[in-house]
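First residue of the sequence shown: 1, per our numbering; consecutive thereafter.
Note that the Cβ used here is the ideal one computed from N, Cα and C, for glycine as well.
Predicted model, so just to flag it, every value in this text is computed and none were measured.
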Amino acid sequence: MKIEEFNGYKTVCFRLWYFLTGLVAWHCCEYGYSLRETSSSLFLNSLPNACAVVITTSLYLLLYPSQEFKSLSGVTAGLIIYECIQPYIPERTFDVMDILATAAGAVLMLALIITRRRTAKVLTHLSGS
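Structure below.
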């Protein structure tokens with residue numbers, strides 16, 4: 001396999017990785033919303049905030065796959081700022097647990113990015129390029 005073909009294949013695979021990551025997070029978020037109607041769990045109330053980091057970062061990385069850490073830090077900062085200005089937005093409520101859930105989502109996404117990078121190194125090593 002030529003190096004150009006392999007690099008193109010890697011790009012498609014990694015974009016698929018981020019698409020599937022976002023899709024799974026979306027389903028977890030929807031599942032959390034459905035459970036919130038029957039339960040008052042603190043975890044379920046903050047689950048959408050954790051999923052929002054994964055979903056938004058994954059969508060951004062579909063377009064710009066080389067900017068992993070920049071996009072993760074930007075998305076996380078934006079969501080935390082949004083949470084902090086919620087007292088000034090009608091019908092919104094500030095909650096420290098939402099900030100912690102956003103941070104947990106960022107840690108999860110960071111782990112996924114590191115896993116993806118390690119996978120890339122292994123694939124590159126195996127291809128001999």
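- The beta carbon of R15 sits closer than 7 Å to those of L62 and P65, all from its chain and outside the five residues before and after it, given in chain order.
- Under the three-state reduction of DSSP output, Y33 falls in the helix class.
- Taking the Cα of G22 as reference, the smallest distance to any Cα among I113, T119, A120 and L100 is reached at I113.
- Less than 8 Å divides the Cβ of A106 from the Cβ of T76.
- Around the beta carbon of T38, fewer than 16 other beta carbons sit within 10 angstroms, so the residue counts as exposed.
- Rounded to the nearest whole angstrom, the CA to CA distance from V96 to T11 is 38 Å.
- Shown here, T76 sits in a helix according to DSSP, grouped into three states.
- In the three-state DSSP reduction, Y82 falls in the helix class (H, G or I).
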